[in-house]
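Peer 1: If you count by our numbering, then the sequence shown holds residues 4 to 370, one letter each, in order.
For each residue, glycine too, the CB sits at the ideal point set by N, CA and C.
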Amino acid sequence: MPNPAEFLFVTCQVGAEPAVKKELARLWPDLRFAYSRPGFLTFKLPAGHGLPGDFDLGAVFARAYGFSLGKVLGEDPGAMAEQVWRVWGGRPVDRVHVWQRDTAAPGDHGFEPSITPLALETAAALAAACPEKGRLAAAAFDPRQPARIGDAVLDCVIVRPGEWWVGHHRARSVLSRWAGGIMPLELPPEAVSRAWLKMEEALRWSQLPIPAGARCAEIGSAPGGATQALLARGFHVLGIDPAAMAPAVLSHPRFTHIRRRAAQVRRREFRSVRWLMADMNVAPNYTLDAVEDIVTHREVSIRGMLLTLKLFEWQLADQLPECVQRVRSWGFNHVQVRQLASHRQEVCLAALQKPFRRKPPLRRPRT
4 MPNPAEFLFV
14 TCQVGAEPAV
24 KKELARLWPD
34 LRFAYSRPGF
44 LTFKLPAGHG
54 LPGDFDLGAV
64 FARAYGFSLG
74 KVLGEDPGAM
84 AEQVWRVWGG
94 RPVDRVHVWQ
104 RDTAAPGDHG
114 FEPSITPLAL
124 ETAAALAAAC
134 PEKGRLAAAA
144 FDPRQPARIG
154 DAVLDCVIVR
164 PGEWWVGHHR
174 ARSVLSRWAG
184 GIMPLELPPE
194 AVSRAWLKME
204 EALRWSQLPI
214 PAGARCAEIG
224 SAPGGATQAL
234 LARGFHVLGI
244 DPAAMAPAVL
254 SHPRFTHIRR
264 RAAQVRRREF
274 RSVRWLMADM
284 NVAPNYTLDA
294 VEDIVTHREV
304 SIRGMLLTLK
314 LFEWQLADQL
324 PECVQRVRSW
334 GFNHVQVRQL
344 ASHRQEVCLA
354 ALQKPFRRKP
364 PLRRPRT
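1. Does Val285 have its Cβ less than 8 Å from a Cβ in chain D?
2. Report the option in Val330, Ala140, Leu188, Leu319 whose CA atom is closest to the CA atom of Arg147.
3. Which full runs of the beta strand (DSSP E) of 3+ residues lie inside the region 331-360, going along the chain?
4. Write down the C-beta distance between Val276 and Ala232 rounded to the nearest angstrom, noting that I regard them as a contact closer than 8 Å.
5. Would DSSP call Ser71 helix, strand or coil?
6. Checking 8 Å against the spacing of the C-beta atoms, do Ala155 and Ile222 come in under that value?
7. Which one of Glu26, Leu123, Val298, Asp292 has the shortest CA to CA distance from Leu312?
8. Would you kindly report the start and end of the unbroken alpha helix (DSSP H) that includes Ala229?
9. Sorted by chain position, which residues of the same chain lie with C-beta nearer than 6 Å to Asp105's C-beta, five sequence neighbours on each side aside?
10. Within this structure, are the beta carbons of Leu309 and Ala205 separated by less than 8 Å?
11. Rounded to whole angstroms, how far is the Cβ of Thr14 from the Cβ of Arg66, which I believe are closer than 8 Å?
12. Ignore the nearest five residues each way along the sequence and tell me which others in Ser196's own chain have a CB closer than 6 Å to its CB.
13. Would Arg347 pass as a contact of Val303 if the rule is Cβ separation under 8 Å?
14. In the DSSP assignment, find the alpha helix (DSSP H) that holds Asp292 and state where it starts and stops.
15. Given Glu375, which residues of its chain have a CB within under 7 Å of its CB, disregarding the five upstream and five downstream residues?
16. Ignore the nearest five residues each way along the sequence and tell me which others in Val90's own chain have a CB closer than 7 Å to its CB.
17. Return the CA-CA distance between Gly138 and Met186, expressed in angstroms with no decimal places.
18. Kindly indicate the opening and closing residues of the beta strand (DSSP E) around Trp167.
19. Can you tell me where the beta strand (DSSP E) with Val162 in it begins and where it stops?
20. Short of 7 Å in beta carbon distance, which residues of its chain neighbour Gly237, apart from the five on each side in sequence? Order them along the chain.
21. Tell me, please, which residues DSSP counts as bridged to Lys313.
22. What did DSSP end up calling Glu221 once you bin it into helix, strand or coil?
23. What do you reckon, are the CB atoms on Val350 and Gln342 nearer than 8 Å?
24. Going by CA-CA distance only, name the one from Trp167, Ile118, Lys24 that's closest to Ala84.
25. Which first and last residues belong to the alpha helix (DSSP H) in which Gln86 is found?
26. Can you say whether Pro364 is buried or exposed, counting buried as having 16 or more other CB atoms within 10 angstroms of its CB?
27. By the three-class DSSP mapping on this structure, what secondary structure does Ser179 have?
28. Would you kindly work out how many angstroms separate the C-alpha atoms of Gly53 and Pro32, rounded to a whole number?
29. Does the Cβ of Gln210 have 16 or more other Cβ atoms within 10 Å, making it buried, or fewer, making it exposed?
30. Look at the alpha carbon of Glu9 and the alpha carbon of Phe70, and state the distance between them as a whole number of angstroms.
31. With 16 as the cutoff for other CB atoms within 10 Å, does Phe114 come out buried or exposed?
32. Closer than 7 Å by C-beta to Pro49: which residues in its own chain qualify, once you throw out the five before and the five after it? Chain order, please.
33. Grab the span of the beta strand (DSSP E) containing Met280 for me, first residue to last.
34. Would Gln318 be called buried (16 or more neighbouring beta carbons within 10 Å of its own) or exposed?
35. Check this for me: beta carbons of Ile213 and Leu241, under 8 Å apart or not?
36. What is the rounded straight-line gap between the Cα of Arg175 and the Cα of Phe12?
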């Protein structure tokens, strides 16, 4: 079926809208900005664009995106749901994604992006009004369940109560399988910080092939929330941070703490480490400086990395393409960057060397 859509929609973190517009102007110069609310934007597509339903927007700051079919206005959710299906117009559908645009930045007064009660109520209204009830299972309307790869997805974005935007995409990537690109993660009661959320989401999004029992080094590990996510997967963790770790983390048998800055740690400590994580409260180039000094050392062989890059000013987002090229120059040929739902003003850079080539052992001179 030809794609007659004339607009794209994008949802993002509140505050990231200028970064989205600047990024899309660079990546897709034929797009024209059309409309925005905090956390929600639309763009006019060029005529005859020919984009498939599972195209890759390639934008770091777009948490979710798809083709827009327009908005539905009203006061009665039931009547609005019926209108959504009329707008849908009989297109094939396998899954329905409903989510609410962010109302604040993550962490602001405790706000965390999630599937809200309003989103669940809206999904129920769409299920009740669905003209193909017999074909779609109840799980197809549950935004807490992922779509299958290849599913045709009806998107319903709640911009505000009484204003829904309707669109569609085809599930392809990890985040496109979840409503709004929001994985249903909840901070466990034993987590010592919300860094658990960031690490858990980064691991699921990046799909780095880290095996159980792997040795990971984490730069900036205190107080240990991200460390807990790593330990829960069966990894051995070397935590590097001059600050104190939480007692619950320190007592774990697979955790070792080096209470120093990364520059003060002897490189031989990394000989058996294959996976490197870093979350440092410095600008991106300083994080990359610290990491480069480790991964390029002749005694260190790192297969993959998860790096949090802080954007203290949104202008630092302009440096991200250079950051990617810098990481590639170290031998990592698979590099991706994304602002995830759990992030504040920061992004995650995932890097993998594939195939992995371990550096040869040093030959000591004969005496």
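Peer 2: In short:
1. In the structure shown, chain D cannot be found, because there is only a single protein chain.
2. Leu188
3. 337-341, 349-355
4. Actually they do not touch by this definition, with Cβ atoms about 17 Å apart.
5. strand
6. no
7. Asp292
8. 228-235
9. Val17, Gly42, Pro116
10. yes
11. 5 Å
12. Pro226, Gly228
13. no
14. 287-298
15. Given that the chain is displayed from residue 4 to residue 370, the structure contains no residue 375 and the question cannot be resolved.
16. Leu72, Gly73, Val75, Val169
17. The question names Gly, but residue 138 in the sequence shown is Arg. So the alpha carbons of these two residues sit roughly 26 Å apart.
18. 166-173
19. 155-163
20. Ala215, Gly216
21. Glu349
22. strand
23. yes
24. Trp167
25. 80-91
26. exposed
27. helix
28. 16 Å
29. exposed
30. 8 Å
31. exposed
32. Asp33
33. 278-282
34. exposed
35. no
36. 17 Å
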